[in-house]
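So the sequence shown is residues 1 to 443, counted in the UniProt record's numbering. Below is one structure, written out as structure tokens; the observations come after it.
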Amino acid sequence: MSREEVDRALARLDAEHEAVETSLLALQDHAGRRLLEGARLTGTTARRWAATEQLVNSLWASFDAYARTLRAAHELRDRRRWPSRDDLGELTGLLRGTLTVPGMSVPGDGAGDGSRPYDRGAEAPEEEARGRPRLAEELTLSQLVERMNGSYARALDVVAAADSVWSALPARIDLLNAELRRVRSLAQSVGVRPGEHPSADDLDRITDELTALRAEVLSDPLAFWTADGGSAAPGGGRAETARYDRAARALEEVRREIDAVLSVRQDAEQRLISLRDVLSRADRTLAEARAARGEVLAKIAASEVPVVSGPPTALHEQLNTAADYRRRAQWHRLSPLLESLERRAEDELERARASLSAVTAPLAVRAELRGRLDAYRAKVAQHGMAEDGLLSERYDTARRMLWSAPCDLRAAEDAVLRYQQAAQALLVPPQSGPAHADRGGNC
């Protein structure tokens, strides 16, 4: 190497030395590393952190070897402003030659757990490629820098992943536990207790799950880490929150149920009054339908009239039970019963209305026929044809059928239709002759 080449190489290696030293010191002060050192680790995190600690120790040993070699090169270069041939030869050996450094292992279990093994390509020893590095290796300074950078990235990957999980999940679990305590207090205030209401049992299960989840997150954070395969940055990935999300959804469902119970306590009396009103209207409608059925059977002949059911006795009994729950402040039992009663009472009212419509359908048909007959009668009178013999005969026949009891609807409808046809024939006489033929041809 020439003097200029030596100076450029020293400047480059100095910059790399400073960058590696800054990175190692930052790793040493990383909050995640301090937490990992002080925690009681289990499972995946315990295995990967043990391997990472060995990697960091080897990294510092490699850095010390790099620093010693670089320091020796600077001392040799600083002896003379214009180094001799022997000095340049010795500097070339230091800067481009190899030095012996400890072998490094790869933390983690491979790609499956998010680690990124260091790859030196064709120069990697066969033992290291199989995960069994040699005790020592011969590397140039440039190769050593490359290996230290890769080892630092793998160590930081483990530290940053654990720190990310600890920063995200425990705080969220604590907030959810606070909400859980609030919901439990509300549940107890309305009589929702374990063994008596499913929501209280759900609260116990959620409490156990959050307790277990928090303990597992603190002891094995890397078990809750999903690495981002497309990211080359250390710590690229996200915290796995599936169990937390399930617990949060379950608590939200319980909270809605408790809120429903609380709303029942506030407006139970009004809802009971509304229920009594709906059932009363259903009873009156059914009574009206039964009366109408008797009228139809008496006034309409040959008509199939549906049977009208009796009053909803079961709903009235359950309404009395709901009123009893309210008197005893059993809100957790009253809430589902009121929801069921409100739905069934509305269904009962609709059924009563449908029954009334079905029963009175023949009377509605008769009323429509009467109205049609009178309408055509008035129209004929306006044209001065009310005294026509055929029309009078057919009108009297239809009217007698419609105003007699029992009324045969089919025969009455035929009679009205015959009167309607006769009236139309008189009101719109058939046209004939050449003019009509011409109009027809033009059409």
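Even for Gly, the Cβ is constructed at its ideal location relative to N, Cα and C. Source: prediction; values computed, not measured.
For the candidate residues the options, whose alpha-carbon lies nearest to that of residue i?
i    : options                : result
D388 : E368, T69, Y419        : Y419
A26  : V183, L99, V159        : V159
S189 : F224, L144, V261       : V261
G310 : L417, A352, P221       : A352
L218 : D157, E37, R400, A422  : E37
E196 : A422, E53, W331        : W331
S58  : R281, A46, V101, R47   : V101
Q421 : R193, L373, D347, A411 : L373
T285 : G237, R327, A358       : A358
A329 : G371, V192, E257, R33  : V192
D396 : E18, R147, Y376, S23   : Y376
L338 : L275, R394, V308       : L275
S257 : P336, T226, S280, A282 : The sequence as given places Glu at residue 257; Ser does not occur at that position. Closest option to E257, Cα to Cα, is P336.
L24  : V145, R281, A381, L390 : V145
L99  : F63, W82, R79, R81     : F63
Assign residue i to one of three DSSP states: helix, strand, or coil.
i    : result
W225 : strand
G237 : strand
A375 : helix
D324 : helix
D220 : coil
D14  : helix
P336 : helix
T42  : coil
S309 : coil
D204 : helix
P194 : coil
A161 : helix
L26  : Per the sequence presented here, residue 26 reads as Ala, with Leu not at that position. Helix, per DSSP.
H383 : coil
Q424 : helix
A329 : coil
A9   : helix
A19  : helix
D388 : coil
W82  : coil
Looking at residue j and residue i, is the spacing between their C-beta atoms short of 8 Å?
i           : j    : result
A322        : L341 : yes
R154        : L55  : yes
Y325        : L315 : no
T360        : A287 : no
R172        : L203 : no
A72         : L10  : no
residue 446 : A268 : Residue 446 lies beyond the stretch modelled for the chain, which goes from 1 to 443, so this question has no answer here.
K299        : A405 : yes
T52         : L222 : no
L402        : L369 : yes
S199        : V254 : yes
R147        : L139 : yes
E240        : W225 : yes
A282        : V308 : no
Run through the DSSP bridge pairs and tell me what residue i is partnered with.
i    : result
I300 : C407
Would you say residue i lies against chain C (beta-carbon separation less than 8 Å)?
i   : result
A73 : In the displayed structure, chain C is absent; only one protein chain is listed.
inquiry  = Counting beta carbon pairs with one atom in the region 238-251 and one in the region 64-75, are three or more of them shorter than 8 Å?
reply    = No, the region 64-75 does not touch the region 238-251.
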